[in-house]
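Below is one structure, written out as structure tokens, with a few remarks after it.
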Amino acid sequence: MVSNHQNSHPSCDEPASLVRTGSRDRPQGSFFGRRKGHRLRPHQNDLIAHLLPRLGFDPAGIGPSGPAALFDPPVDETRIEIGFGGGEHLVAEALAFPRTGFIGCEPYVNGMAKILVQIETHAIRNIRLFAGDASQLLACLPQASLARIDLIHPDPWPKRRHWKRRFVQDATVAAMARVLQPEGEFRFVSDIDDYCAWTLTHLARSPDFLWLAERTADWQDPWPGYTMTRYGRKAMREGRRAAYLRFRRERTTA
Ligand SMILES: C[S@@+](CC[C@H](N)C(=O)[O-])C[C@H]1O[C@@H](n2cnc3c(N)ncnc32)[C@H](O)[C@@H]1O
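Numbering (my numbering), first residue to last: 4 to 257.
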């Protein structure tokens, strides 16, 4: 299962929604989903208007000191979660690790509204939010500036003609390798067997990552402390078992 498709990935200073691809401009990058769902409640609208601007940031403004500088109080390390959906996993991690800074990346405005409610409820200080395409965020981060990247139940794009839309591509694997610290981790969860195999294939051909599984339980069971998400619960209800894949960023190449 080898991908022949290479997405055009955004550079840091180019909006992900309009990347020049040859003779014409068209939407590119790694986001192909919808940005809006049902109408937001008034309080959610209020949080989008007033709290999101305080927690959001322009990735192009991240300087050489890296994403840790976004956090006050200061943090020991920074992680990102790509496509956090309703935010269940991201919020639980932020509460469990107060000395870690978390960047949540989610273009879907209803997901953003849900996490803002939880951030307000729990008075969380160690989450910053980017309401755009994670591949643009990755392009803006300095080399070796993240301790971990989580991708949990990404959009599966099961049809062959849509495989090029999957977040995991050779280009995004290389982008993640660039921004992860040596020994940092990329963690991937999916209940779609084909996407798990796809991810293993892509990561296996990267010289930068090592799959950490030594026994079946290492990928069949969630890692300790894992918080199930909405999509994870839906998969369980429907009888699909997720795989939990952990990859370590190797020291081999720059
Ligand atoms: C299937 S949902 C899973 C949500 C959540 N992780 C969960 O497990 O419930 C996938 C999410 O990824 C987001 N997404 C898709 N492409 C993305 C991208 N390039 N950057 C950031 N988020 C993305 C979508 O908006 C969607 O909310």
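We put the CB at the ideal spot given by N, CA and C, even for glycine. Computed from a prediction, not measured in an experiment: that's the story for all the values here.
Can you give me the start and stop residues for the beta strand (DSSP E) that L119 sits inside? Here residue 119 is taken as the residue at index 116 of the sequence shown, counted from 1. Element bounds for L119: not the beta strand (DSSP E) but the alpha helix (DSSP H), 112-125.
Expressed to the nearest angstrom, what Euclidean distance is found between the alpha-carbon atoms of C15 and A142? In the sequence shown, counting from the first residue as 1, residue 15 sits at position 12. In the sequence shown, counting from the first residue as 1, residue 142 sits at position 139. Those two C-alpha atoms are separated by around 5 Å.
Distance between R163 and A245 (C-alpha atoms, nearest Å): The residue given as residue 245 occupies position 242 in the sequence shown. The residue given as residue 163 occupies position 160 in the sequence shown. Cα to Cα, the separation comes out at about 21 Å.
When the Cα atoms are used, what is the spatial distance from P161 to R131? Within the sequence shown, numbered from 1, the residue matching residue 161 stands at position 158. Within the sequence shown, numbered from 1, the residue matching residue 131 stands at position 128. Rounded to the nearest angstrom, the two C-alpha atoms are 31 Å apart.
Sequence-distant residues of the same chain with beta carbon closer than 6 Å to I195, five excluded per side: Your numbering for residue 195 matches position 192 in the sequence shown. Once the five neighbours on either side are set aside, the close Cβ partners of I195 are P159.
Proximal residues to R151 (C-beta, below 7 Å), its chain only, five neighbours per side dropped: As a working mapping, residue 151 is identified with position 148 in the sequence shown. Closer than 7 Å at Cβ, skipping near neighbours: R82, G187, E188, R190.
With respect to the alpha helix (DSSP H) encompassing G138, which residues constitute its N-terminal and C-terminal limits? Along the sequence shown, read from residue 1 onward, the residue named residue 138 stands at position 135. It should be noted that the sequence gives Ser, not Gly, for residue 138. Note, S138: alpha helix (DSSP H), 137-143.
From A72 to S148, what does the alpha carbon distance come to, in whole angstroms? Here residue 72 refers to the residue found at position 69 of the sequence shown. Here residue 148 refers to the residue found at position 145 of the sequence shown. Distance between the alpha carbons of A72 and S148: 11 Å.
What does a CB cutoff of less than 8 Å around E91 pick up in its chain, not counting 5 residues either side in sequence? As a first step, residue 91 is located in the sequence shown; it is residue number 88 there, counting from the start. Cβ within range, chain order: T230, M231, T232, R233.
Starting from the C-beta of V182, find all residues in its chain whose C-beta is less than 6 Å away, skip the five residues before and the five after it, and write them out in chain order. On the sequence shown, residue 182 is found 179 positions in, with the first residue counted as 1. Closer than 6 Å at Cβ, skipping near neighbours: L141, L144, S148, L149.
Are at least three pairs of beta-carbons, each pair with one atom in the stretch 99-117 and one in the stretch 165-172, less than 8 Å apart? no
Under three-state DSSP, which class holds R233? Stepping through the sequence shown from its first residue, residue 233 is reached at position 230. It is helical.
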